[in-house]
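Chemist: Before anything else, here's the structure in question.
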Amino acid sequence: MTAKTKSQSLKQCEDCKVIDDLISRAAAAYREEQKLPKGKGRSAHTIASDFQQMYTESTGKHIKLNYNTIIERANGQCSKSETAEKWEWLLPAETDLVIDLLMKSANQGFPYTH
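Per my numbering, the sequence shown starts with residue 98, numbered consecutively.
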């Protein structure tokens, strides 16, 4: 089977998942730093810079992490993707099931509007 190229939106979605994971890890590191005595822990800005550098060294891609996002995530705010999942009409498994059913119907000659 030949490999299909990924669409731009799929690539962007995968990148967003990686960045969300990176921000979550940075927020966990920031929470740990906050447990240290005052003045001993690193700031959110320093943690963001460290995680940016670590990501660039491991992948070769440059990203920008906002230190305010790390602080908000450490304080319990959800990411955009988590918030969007709460508002979806179908669960991800149900979405895959509906798409598979539509694809099978289309392969049998039934249009999507049927």
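For glycine and all other residues, C-beta sits at the position ideal for the given N, C-alpha and C.
1. Would you call the CB atoms of residue 149 and residue 167 closer than 8 angstroms?
2. Just how far apart, CA to CA, sit residue 116 and residue 129?
3. For residue 234, count the other beta carbons within 10 Å of its own beta carbon; 16 or more makes it buried, fewer makes it exposed. Which is it?
4. Would residue 141 pass as a contact of residue 127 if the rule is Cβ separation under 8 angstroms?
5. At which residues does the alpha helix (DSSP H) containing residue 155 begin and terminate?
6. Inspect the beta-carbon positions of residue 124 and residue 181 and report whether they are closer than 8 angstroms.
7. How big is the Cα-Cα spacing for residue 135 and residue 200?
Modeler: Reading off the structure:
1. As a position in the sequence shown, residue 149 is number 52, starting the count at 1. As a position in the sequence shown, residue 167 is number 70, starting the count at 1. No, the Cβ-Cβ distance between residue 149 and residue 167 is not below 8 angstroms.
2. As a working note, residue 116 is residue 19 in the sequence shown. As a working note, residue 129 is residue 32 in the sequence shown. Residue 116 and residue 129 have their C-alpha atoms spaced approximately 20 angstroms apart.
3. With the chain covering 98 to 211 only, the question about residue 234 has no answer from this structure.
4. Position 44 of the sequence shown, counting from 1, holds the residue named residue 141. Position 30 of the sequence shown, counting from 1, holds the residue named residue 127. Their beta carbons are under 8 angstroms apart, which means residue 141 touches residue 127 by this criterion.
5. Locating residue 155 in the sequence shown gives position 58, counting from the first residue. According to the DSSP assignment, residue 155 belongs to the alpha helix (DSSP H) that extends over 141 to 156.
6. Looking up residue 124 in the sequence shown gives position 27. Looking up residue 181 in the sequence shown gives position 84. No.
7. Translated into positions along the sequence shown, residue 135 becomes position 38. Translated into positions along the sequence shown, residue 200 becomes position 103. Their Cα atoms are separated by approximately 58 angstroms.
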